[in-house]
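Taken in sequence, the protein lines are chains Y and V.
With our numbering, the residue at position 95 of the first sequence is 95, and numbering never jumps.
With our numbering, the residue at position 64 of the second sequence is 64, and numbering never jumps.
2 protein chains.
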Amino acid sequence: MTKSLQFSQSIRSWMDVFMHRSMRGWGLFAKSTGLSMPQFSILMQLHHKGVCGVSDISERFDITNAAASQLVDKLVQSGFIKREEDPHDRRAKLLNLTDKGKELIQQGIEERYRWVDQLAEKLTVEERAKVAEALDIMTQAAKELEAEPAQQAP
Amino acid sequence: MTKSLQFSQSIRSWMDVFMHRSMRGWGLFAKSTGLSMPQFSILMQLHHKGVCGVSDISERFDITNAAASQLVDKLVQSGFIKREEDPHDRRAKLLNLTDKGKELIQQGIEERYRWVDQLAEKLTVEERAKVAEALDIMTQAAKELEAEPAQQAP
DNA sequence: ATATACAGTTAAGCCAGCTTAACTAAAAAG
DNA sequence: CTTTTTAGTTAAGCTGGCTTAACTGTATAT
Numbered sequence: 001m002t003k004s005l006q007f008s009q010s011i012r013s014w015m016d017v018f019m020h021r022s023m024r025g026w027g028l029f030a031k032s033t034g035l036s037m038p039q040f041s042i043l044m045q046l047h048h049k050g051v052c053g054v055s056d057i058s059e060r061f062d063i064t065n066a067a068a069s070q071l072v073d074k075l076v077q078s079g080f081i082k083r084e085e086d087p088h089d090r091r092a093k094l095l096n097l098t099d100k101g102k103e104l105i106q107q108g109i110e111e112r113y114r115w116v117d118q119l120a121e122k123l124t125v126e127e128r129a130k131v132a133e134a135l136d137i138m139t140q141a142a143k144e145l146e147a148e149p150a151q152q153a154p
Numbered sequence: 001m002t003k004s005l006q007f008s009q010s011i012r013s014w015m016d017v018f019m020h021r022s023m024r025g026w027g028l029f030a031k032s033t034g035l036s037m038p039q040f041s042i043l044m045q046l047h048h049k050g051v052c053g054v055s056d057i058s059e060r061f062d063i064t065n066a067a068a069s070q071l072v073d074k075l076v077q078s079g080f081i082k083r084e085e086d087p088h089d090r091r092a093k094l095l096n097l098t099d100k101g102k103e104l105i106q107q108g109i110e111e112r113y114r115w116v117d118q119l120a121e122k123l124t125v126e127e128r129a130k131v132a133e134a135l136d137i138m139t140q141a142a143k144e145l146e147a148e149p150a151q152q153a154p
């Protein structure tokens, strides 16, 4: 299984570089928007997951409902989030990004992309093809993994 | 340049999945250690960059020296960081992780790796080889990019 | 129909991070 | 040898996130 070790090594090196870079990027971007990290993270969550309830937020970040509600409220008042009543359960709220909210995080994503675009410029055409193929494989696998929830816990 | 578009698309999909996953992971891990995100991020910075001064921290996170100094002090008192005088410049301090600090963030990294190891299990041997090759290419390019500082600004 | 559980809000209060401002001490500049 | 920068620390005070606790209103169970 030396091949497997090779694989591990490659992916670890990549993660080190990539994670450091992107965390730095997100941190500075969040700061530049004037939003706090918790607030910004909620926007990211909504971007990724789509419509959520308040308790989805609190679970995701491991905070109380009260805390989530307060954070959400600030984001609603700043116009980044819209909060509507769930017609099927009038206790619950449907949270989602407003256009303003979408635009903001899209801007952050674009900035992150810009880095990898620069990175792409360093590659030859064949390399780019190889990388694209590999990343598609990884993305596919990641999505499969996400679909099956916690297989090792009974 | 359709190839280039294909590349962009692949890498963007991957980034979306990967970033969301790893940010969530880091957030929860940091929380589980009892450290705040700012404190935890400083440990990450030291892990990545090695020995730093206080002002390296403040620059990196775009905070004042005062704030960095205070955060560092807490980490020193908790035993995650050691702070020594720079023999070449007695104003400056040399910050670095202690063994305890190294162990902590190593543990976080291992958790993150565990996910991609699961991911690897979803791949065939050939796929793994392809992915490993591609990631090595990317890592190499990323390091080159990091070496040349801000080429577009004059 | 009444009791219980659930989704979310509100208020009080704590704590951590951050800033400004004032300070110490060492290095560089003149 | 003075003056000015530079690296870092300290203290006071503000703000924002988070928690607990009490509460509203809606859905579910008995």
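Heads up, the beta-carbon is just placed ideally off N, CA and C, and yes, glycines get one too.
Because the structure is a prediction, the values reported are computed rather than measured.
In the DSSP assignment, the residues bridged to D86/V are D89/V. Remark: C-beta atoms of I57/Y and V72/Y approach each other more closely than 9 Å. With a 10 Å radius around the Cβ and a threshold of 16 neighbouring Cβ atoms, Q45/Y comes out buried. Using a C-beta cut-off of 8 Å, the stretch 63–72 of chain V makes no contact with the stretch 11–18 of chain V, since fewer than three inter-stretch Cβ pairs fall below that distance.
Neighbours of K102/Y in chain V, taken as residues whose beta carbon is under 7 Å from its own, are absent, since the nearest beta carbon is some 14 Å off. Of all residues in the stretch 8–35 of chain Y, the ones placed with a Cβ closer than 9 Å to any Cβ belonging to chain V are S8, Q9, S10, I11, R12, S13, W14, M15, D16, V17, F18, M19, H20, R21, S22, M23, R24, W26, G27, L28, K31, S32, in chain order. Inclusion of E85/Y and K74/Y in the CB contact set at 9 Å is not warranted, their separation being larger than that value. Within its own chain, the residues whose Cβ lies closer than 8 Å to the Cβ of G53/Y, once the five positions on either side in sequence are excluded, are D86, A92, K93, L94, L95, listed in chain order. Contact between L97/Y and L43/Y is confirmed by a C-beta separation of about 7 Å, below the 8 Å threshold. Rounded to the nearest angstrom, the gap between the Cα atoms of E133/V and Q140/Y is 18 Å. Secondary structure of I81/Y (DSSP, three-state): strand. By the neighbour-count definition (other C-beta atoms within 10 Å, threshold 16), S41/V is a buried residue. Pairing L119/Y with D89/Y, the inter-Cα distance amounts to about 48 Å. For G101/Y, the enclosing alpha helix (DSSP H) stretches over residues 99–121.
In chain Y, no part has a C-beta under 7 Å from the C-beta of F40/V; the shortest such distance is about 10 Å. Taking 9 Å as the CB threshold, H88/Y stays off the interface with chain V. Take the alpha-carbon of Q70/Y and the one of H47/Y: they are about 19 Å apart.
Listed along chain V, the residues sitting closer than 8 Å to E133/Y by beta-carbon distance are S10, K130, A134. Nearest CB-CB separation between V116/Y and chain V: below the 9 Å threshold.
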